[in-house]
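Okay, structure first, notes after.
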Amino acid sequence: MIRDPQGFEIFLGKLRDFVRNRLVPREAEVARLDEVPADVVAEMAAGGLFGYSIPEAYGGAGMTTEELVLAAIELSQCSVAFRARVGTNTGIGSEALVIEGSEAQKQRYLPDMASGRLTGCFALTEPEAGSDAAALKTTAVRSGDSYLLNGSKCFITNAPIAGLFTVMARTDPANPGAAGVSAFLVERDTPGLSTGTPYAKMGQAGSPVSEVHFDNCRVPSANLIGGEEGRGFKIAMKVLNKQRIHLAALCIGPAIRMLDDIVQHTANRTQFGQPVGAFQLVQAMIADCQTEIHAARALVLETARKRDEGIDVTMEASICKYFASEMCGRVADRCVQMLGGYGFIADNSIERFYRDVRLFRLYEGTSQIHQINIARRTFGQAGYDIKS
44 MIRDPQGFEI
54 FLGKLRDFVR
64 NRLVPREAEV
74 ARLDEVPADV
84 VAEMAAGGLF
94 GYSIPEAYGG
104 AGMTTEELVL
114 AAIELSQCSV
124 AFRARVGTNT
134 GIGSEALVIE
144 GSEAQKQRYL
154 PDMASGRLTG
164 CFALTEPEAG
174 SDAAALKTTA
184 VRSGDSYLLN
194 GSKCFITNAP
204 IAGLFTVMAR
214 TDPANPGAAG
224 VSAFLVERDT
234 PGLSTGTPYA
244 KMGQAGSPVS
254 EVHFDNCRVP
264 SANLIGGEEG
274 RGFKIAMKVL
284 NKQRIHLAAL
294 CIGPAIRMLD
304 DIVQHTANRT
314 QFGQPVGAFQ
324 LVQAMIADCQ
334 TEIHAARALV
344 LETARKRDEG
354 IDVTMEASIC
364 KYFASEMCGR
374 VADRCVQMLG
384 GYGFIADNSI
394 ERFYRDVRLF
404 RLYEGTSQIH
414 QINIARRTFG
424 QAGYDIKS
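Just so we're aligned: 106 in my numbering is position 63 of the sequence shown, and the numbers increase by one with no gaps anywhere.
This is the structure in structure tokens:
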């Protein structure tokens, strides 16, 4: 649902210009420094990029799902690091608070998240609880009017720079499953919370990722999201259900950018006396890229509209994330192939995207986990209870 089509089209045009004129020229600098410069962060904050999905009552834009994915497609047509810098605030770093937080919790944190003064992150994954997220070992033991958290998280995007952590921890040790998990808001300066050295990664330079450790970290009971124990896993799944649609849109932008760049290259590079783009095998790869991008965009927009209508899109969200992330990987591979030897040389946009987008098929549910989810729900819709 787009609330003001004309006004939103103007907004998208301004965002498109900002990406092309302000962010794309800084891509090499971000890759070299392995961080998004402070002046760029300030400019993104001034443009409201941190608050897209945060309600207007708390200083955000209050975007619908359809509006959010359209904005994400535009914003992601530049280095992934820029999107990642704001992405936790517009996605998993704020969503639990938006959908399940108390009014006091929202008033305390959301305005600063919408403005970019506070960066959020989502701490679910653990060394032994990745795809099997319900197997998490981090504990939260009630102690008076607070909880003591102990354990470790891994692969947490923006953890090194986050000021607020949405943390899933086990409050019921007698229940090893999802029902024993609760969700907490933990502030950066809470004693007992620490973050590890940022990982050296394959790609996405400028997007810091690290472990998070809790050592008798005392968190006020008022920071229990939803005010009730045992709802953490359900909250996490609600967050990921929306975020998977958002992430699918974020896979489309890089694919569009890579296709634009390779069209320019193949139209201007000459081999055997003609443009590389004149060869039919190259044209076939161009056509496959364009077709899959259009298919992913149509799928994501349809799912976003359904969600805005209140329809359960749990399976469709998995389909979006699975198809769009795999599509982006295929586009990246074809574009490297069309570049030939230049595709293996660093310091060009396609080589960087080739490494950056590989993560899309891993986080927020691997492609294989989504295949399982889709298959199980397909059987379920047909009346069969088939697990594995």
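Glycine is no exception: its CB is placed at the ideal position from the N, C-alpha and C atoms. Note that the structure is a prediction, hence the values are computed from the model and not measured.
Check: Supposed contact pair Ala360 and Ile288 - C-beta distance, whole angstroms, cut 8 Å; Outcome: 5 Å
Check: Of the residues Met280, Thr238, Tyr242 and Ser225, the one placed nearest Ala265, counting alpha carbons only; Outcome: Ser225
Check: Buried or exposed by the 16-neighbour rule on C-beta atoms within 10 Å, applied to Asn64; Outcome: exposed
Check: Straight-line Cα distance separating Leu293 from Thr214; Outcome: 34 Å
Check: 7 Å CB neighbourhood of Ala347 in its chain, flanking five on each side removed; Outcome: Thr108, Glu109, Val112 and Ile288
Check: Candidates Ala298, Pro241, Gly249 and Arg231: closest to Phe366 by CA position; Outcome: Ala298
Check: Own chain residues within Cβ distance below 6 Å of Ser368, not counting five before or after; Outcome: Cys294, Phe403 and Arg404
Check: Unbroken alpha helix (DSSP H) run spanning Lys349, endpoints; Outcome: Gln323 to Asp351
Check: Ala425, buried or exposed, once every other Cβ within 10 Å from all chains shown has been counted against 16; Outcome: exposed
Check: DSSP bridge partner residues for Ala507 (one or two, in chain order); Outcome: No statement about residue 507 is possible, as the shown extent of the chain runs from 44 to 431 and does not include it.
Check: Glu254 (DSSP reduced to helix, strand or coil); Outcome: strand
Check: Selection from Val84, Val356, Val306 and Ala212 that minimises the alpha carbon distance to Lys281; Outcome: Val356
Check: Start and end residues, beta strand (DSSP E) containing Ile199; Outcome: Ser189 to Thr200
Check: Within-8 Å CB hit, Gly372 to chain D; Outcome: Looking for chain D here will not work: only one protein chain is present.
Check: Chain-order list of residues whose beta-carbon lies under 6 Å from that of Thr181 (same chain, five-residue window excluded); Outcome: Gly194 and Ala212
Check: Contacts around Glu335, its chain only, beta-carbon distance under 8 Å, and the 5 residues preceding and following it disregarded; Outcome: Ala298, Met370, Arg373 and Val374
Check: Assigned exposure category for Leu207 - 16 Cβ within 10 Å defines buried; Outcome: buried
Check: Sheet register partners of Cys260 (DSSP bridge); Outcome: Leu192
Check: Cβ neighbour criterion (16 or more within 10 Å) applied to Met245; Outcome: exposed
Check: Chain-order list of residues whose beta-carbon lies under 6 Å from that of Ile116 (same chain, five-residue window excluded); Outcome: Ala292, Ile295 and Gly296
Check: Enclosing beta strand (DSSP E) for Thr238 [first to last residue]; Outcome: Leu236 to Thr238
Check: Test item: CB-CB of Gly235 and Asn201 under 8 Å; Outcome: no
Check: Backbone secondary structure at Pro203 - three-state DSSP; Outcome: helix
Check: Whole-angstrom distance between Asp351 and Ala221, CA atom to CA atom; Outcome: 27 Å
Check: Assumed close pair Thr240, Ser253 - CB separation to whole angstroms, cut-off 8 Å; Outcome: 7 Å
Check: Start and end residues, beta strand (DSSP E) containing Phe227; Outcome: Val224 to Glu230
Check: Residue closest to Leu118, alpha-carbon to alpha-carbon, out of Asp175, Thr238 and Leu66; Outcome: Leu66
Check: Distance between Asp175 and Pro263 (C-alpha atoms, nearest Å); Outcome: 28 Å
Check: Closest by C-alpha distance to Ala166, when choosing among Phe422, Cys197, Ala157 and Asp303; Outcome: Cys197
Check: Pro203 to Leu179 span [Cα, whole Å]; Outcome: 21 Å
Check: Rounded straight-line distance, which links the Cα of Asn284 to that of Phe422; Outcome: 20 Å
Check: Under 8 Å between C-beta atoms of Ala248 and Ala124; Outcome: yes
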